[in-house]
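Have a look at the structure below before the remarks.
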Amino acid sequence: MGYTTMGFAAGVLLSVKGGVYCAPAWSFVIAAMLVSGTMSFAIVPAMAASESFLAVALLTLGINFRYALYGFSMLAKWKGIPVLQKWFLVHSLADEIYALDLACTIKDPLKNRLYCLFNHGFCVGYWVLGSVAGSIAGSALPIPSKGIEFAMVALFLVIFTDQMKGFFRHYG
Amino acid sequence: MAEEILHTAGIVAVAWVVTFGLRSLPFLLFAGRGRDVPPSVERFGSIISPVIIAGLIVYSYSALEWRTAWPYISGVLVVALQLWRKNALLSIIAGTVVYMCLLSAGCTSNDYGDIVLDAAHPSIRYSTQGFLIGERYVDPRRVPAILKSYDVPTDRVIHILVDEESERDLKPARAFMGLLAHNGYRRSVLVTKKRAESHVRTEEEMALERQQYAPSPRHASPSGKRKIRYKGASD
Numbered sequence: 003m004g005y006t007t008m009g010f011a012a013g014v015l016l017s018v019k020g021g022v023y024c025a026p027a028w029s030f031v032i033a034a035m036l037v038s039g040t041m042s043f044a045i046v047p048a049m050a051a052s053e054s055f056l057a058v059a060l061l062t063l064g065i066n067f068r069y070a071l072y073g074f075s076m077l078a079k080w081k082g083i084p085v086l087q088k089w090f091l092v093h094s095l096a097d098e099i100y101a102l103d104l105a106c107t108i109k110d111p112l113k114n115r116l117y118c119l120f121n122h123g124f125c126v127g128y129w130v131l132g133s134v135a136g137s138i139a140g141s142a143l144p145i146p147s148k149g150i151e152f153a154m155v156a157l158f159l160v161i162f163t164d165q166m167k168g169f170f171r172h173y174g
Numbered sequence: 010m011a012e013e014i015l016h017t018a019g020i021v022a023v024a025w026v027v028t029f030g031l032r033s034l035p036f037l038l039f040a041g042r043g044r045d046v047p048p049s050v051e052r053f054g055s056i057i058s059p060v061i062i063a064g065l066i067v068y069s070y071s072a073l074e075w076r077t078a079w080p081y082i083s084g085v086l087v088v089a090l091q092l093w094r095k096n097a098l099l100s101i102i103a104g105t106v107v108y109m110c111l112l113s114a115g116c117t118s119n120d121y122g123d124i125v126l127d128a129a130h131p132s133i134r135y136s137t138q139g140f141l142i143g144e145r146y147v148d149p150r151r152v153p154a155i156l157k158s159y160d161v162p163t164d165r166v167i168h169i170l171v172d173e174e175s176e177r178d179l180k181p182a183r184a185f186m187g188l189l190a191h192n193g194y195r196r197s198v199l200v201t202k203k204r205a206e207s208h209v210r211t212e213e214e215m216a217l218e219r220q221q222y223a224p225s226p227r228h229a230s231p232s233g234k235r236k237i238r239y240k241g242a243s244d
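Those protein sequences? They're chains A and B, same order as listed.
Heads up, the first sequence is in the working numbering, so the first residue is 3 and it goes up one at a time.
Heads up, the second sequence is in the working numbering, so the first residue is 10 and it goes up one at a time.
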């Protein structure tokens, strides 16, 4: 549910501020390919300003660096999953999906694999659904958009707050 | 148009390549080995990612109305809510709604409505009280940035209307023209009310208007609300 709502917000933002021709189509592509809430927000100003590829690459690197760390904790769990399924899991290893994967305590490898596949599949589905719905709503309805760009900053603040809490639990 | 779609697709593609690369990094590094992550990597990660996010927060504040208190009030609200309720969605939505409300409470705005840049009714006005864009007084030092945000090309002639009572002291106006020139807008012209009313477009100006009237989609303003109209005295 959270994913649908966040996707909706990202979709609205893209259609209102992205300056692209067919926002729902782009929204679909972005949601399905990036599967990253933060990036879906951050890419909007980049699209609007036609940023250079290098700038986008650096931006993505900075924002999504944390994903590189998620994989480490999944190495042992996902051993022996067929390549194609594994790449799908890797492709959609986003914040909340990762948290759900971690929370799963099923020991049986086959059942665990099914759980992960379902989890990723449904989350991505909800995410894409929300994004496309948001962008359609954003282009069709006069949603007040002034200041909506704060959503991205709020997302960063939330991530940072949670990171700080974890940090102090470990080291403080 | 095709070029722009390609560029947008390129942006998404680049973002995907980097994202996917990051996600698959551990699986590539430790392919075939099911061993644990070295603690050094884990520690590095737990330190470096908050630093990156903190940098992003500072950077993204520059896109907000960071000269006002509103983004900070909303930011504190987001952090407080997140600590209290631990519900990311609630924190984000509440913070954004509060920010939008504070902004539209009319406390500040970067939107100057339509700017008209022509000799007959110039939007930039110099009066004894200061400089105006449209009906609003502005800090003259901000004008170049505002013109840039409206995508006004630097070779465009900028007409500045001089109020009758301020005609006697043109020093600030000249200093303002110097400031514009310093920021690339070298072709600013002072116009008095009388001249503005009797202005007839020159050939050069008409050519300029035709040339610049074609909207370039690459630089189309994202909100779609900001418009510059280039008009001659005859319309």
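Ideal Cβ positions, reconstructed from N, Cα and C, are used throughout, including at glycine.
Distance CB(residue i)-CB(residue j) smaller than 8 Å
{"i": "isoleucine 99 (chain A)", "j": "isoleucine 62 (chain B)", "result": "no"}
{"i": "proline 72 (chain B)", "j": "glutamate 53 (chain A)", "result": "Strictly speaking, residue 72 (chain B) in this sequence is alanine, with proline absent from that position. It is not a contact, given that the beta carbons lie outside the stated cut-off."}
{"i": "valine 60 (chain B)", "j": "phenylalanine 74 (chain A)", "result": "no"}
{"i": "glutamate 173 (chain B)", "j": "leucine 112 (chain B)", "result": "no"}
{"i": "alanine 155 (chain A)", "j": "isoleucine 102 (chain B)", "result": "In the sequence under discussion, the amino acid at residue 155 (chain A) is valine, which differs from the alanine named in the question. No; because the gap between Cβ atoms is not below 8 Å, this pair is not in contact."}
{"i": "asparagine 66 (chain A)", "j": "threonine 28 (chain B)", "result": "yes"}
{"i": "leucine 91 (chain A)", "j": "tryptophan 80 (chain A)", "result": "yes"}
{"i": "serine 38 (chain A)", "j": "alanine 96 (chain A)", "result": "yes"}
{"i": "tyrosine 194 (chain B)", "j": "isoleucine 167 (chain B)", "result": "yes"}
{"i": "threonine 6 (chain A)", "j": "tyrosine 128 (chain A)", "result": "yes"}
{"i": "aspartate 103 (chain A)", "j": "asparagine 121 (chain A)", "result": "yes"}
{"i": "serine 175 (chain B)", "j": "threonine 137 (chain B)", "result": "yes"}
{"i": "leucine 98 (chain B)", "j": "arginine 150 (chain B)", "result": "no"}
{"i": "alanine 190 (chain B)", "j": "tyrosine 135 (chain B)", "result": "no"}
{"i": "arginine 68 (chain A)", "j": "serine 58 (chain B)", "result": "yes"}
{"i": "isoleucine 169 (chain B)", "j": "isoleucine 133 (chain B)", "result": "yes"}
{"i": "leucine 131 (chain A)", "j": "glycine 9 (chain A)", "result": "yes"}
The alpha helix (DSSP H) enclosing residue i, as first and last residue numbers
{"i": "valine 166 (chain B)", "result": "Counting along the chain, valine 166 (chain B) falls outside any alpha helix (DSSP H), and DSSP gives it neither H nor E."}
{"i": "leucine 86 (chain B)", "result": "79-94"}
{"i": "lysine 167 (chain A)", "result": "152-173"}
{"i": "arginine 52 (chain B)", "result": "48-70"}
{"i": "asparagine 66 (chain A)", "result": "Premise fails: asparagine 66 (chain A) is in no alpha helix (DSSP H) and is neither H nor E."}
{"i": "isoleucine 108 (chain A)", "result": "Premise fails: isoleucine 108 (chain A) is in no alpha helix (DSSP H) and is neither H nor E."}
{"i": "tyrosine 108 (chain B)", "result": "97-111"}
{"i": "arginine 183 (chain B)", "result": "180-191"}
{"i": "leucine 95 (chain A)", "result": "Taken as a continuous stretch (DSSP letters only), leucine 95 (chain A) belongs to no alpha helix (DSSP H), as it is neither H nor E."}
{"i": "glycine 39 (chain A)", "result": "39-50"}
{"i": "isoleucine 155 (chain B)", "result": "152-158"}
{"i": "isoleucine 32 (chain A)", "result": "25-36"}
For residue j and residue i, believed in contact at Cβ under 8 Å, the rounded distance
{"i": "leucine 199 (chain B)", "j": "valine 161 (chain B)", "result": "Not quite, the Cβ-Cβ distance comes to about 18 Å (not below 8 Å), so this is no contact."}
{"i": "alanine 70 (chain A)", "j": "proline 35 (chain B)", "result": "7 Å"}
{"i": "valine 261 (chain A)", "j": "isoleucine 14 (chain B)", "result": "Summary: the structure shown does not reach residue 261 (chain A), with chain A confined to residues 3 through 174, and so no result is reported for it."}
{"i": "tyrosine 108 (chain B)", "j": "glycine 149 (chain A)", "result": "5 Å"}
{"i": "leucine 61 (chain A)", "j": "alanine 48 (chain A)", "result": "7 Å"}
{"i": "leucine 159 (chain A)", "j": "valine 106 (chain B)", "result": "With a Cβ gap of about 15 Å, leucine 159 (chain A) and valine 106 (chain B) do not count as contacting."}
For residue i, the first and last residue of its enclosing beta strand (DSSP E)
{"i": "phenylalanine 245 (chain B)", "result": "Shown here, chain B extends from 10 to 244; a query on residue 245 (chain B) therefore has no answer."}
{"i": "serine 136 (chain B)", "result": "133-136"}
{"i": "glycine 139 (chain B)", "result": "139-142"}
{"i": "valine 198 (chain B)", "result": "197-201"}
Exposed unless 16 or more other CB atoms sit within 10 angstroms - verdict on residue i
{"i": "phenylalanine 170 (chain A)", "result": "exposed"}
{"i": "serine 69 (chain B)", "result": "buried"}
{"i": "glycine 20 (chain A)", "result": "buried"}
{"i": "threonine 163 (chain A)", "result": "buried"}
{"i": "glycine 140 (chain A)", "result": "buried"}
{"i": "tyrosine 173 (chain A)", "result": "exposed"}
{"i": "alanine 24 (chain B)", "result": "buried"}
{"i": "phenylalanine 43 (chain A)", "result": "buried"}
{"i": "glycine 123 (chain A)", "result": "exposed"}
{"i": "cysteine 125 (chain A)", "result": "buried"}
{"i": "histidine 93 (chain A)", "result": "buried"}
{"i": "tryptophan 28 (chain A)", "result": "buried"}
{"i": "proline 47 (chain B)", "result": "exposed"}
{"i": "glutamine 165 (chain A)", "result": "buried"}
{"i": "glycine 168 (chain A)", "result": "exposed"}
{"i": "arginine 227 (chain B)", "result": "For arginine 227 (chain B), the pLDDT reaches just 43, beneath the cut-off of 50, and the residue's location in the model is therefore unreliable, leaving the point undetermined."}
{"i": "tryptophan 79 (chain B)", "result": "buried"}
{"i": "alanine 142 (chain A)", "result": "exposed"}
{"i": "alanine 33 (chain A)", "result": "buried"}
{"i": "glycine 139 (chain B)", "result": "exposed"}
{"i": "tyrosine 72 (chain A)", "result": "buried"}
{"i": "threonine 40 (chain A)", "result": "buried"}
{"i": "phenylalanine 53 (chain B)", "result": "exposed"}
Proximity test, Cβ basis, 8 Å: residue i and chain C
{"i": "proline 162 (chain B)", "result": "No chain C is part of this structure, whose protein chains are labelled A and B."}
Proximity test, residue i beta-carbon vs the ligand PLP heavy atom, cut-off 7 Å
{"i": "isoleucine 57 (chain B)", "result": "No copy of the ligand PLP occurs in the structure displayed, which carries no ligand at all."}
Count the CB pairs spanning the segment 82-94 of chain B and the segment 81-88 of chain A that are closer than 8 Å, and state whether there are at least three. no
Does the segment 9-28 of chain A come close enough to the segment 133-149 of chain A that 3 or more CB-CB pairs lie under 8 Å? yes
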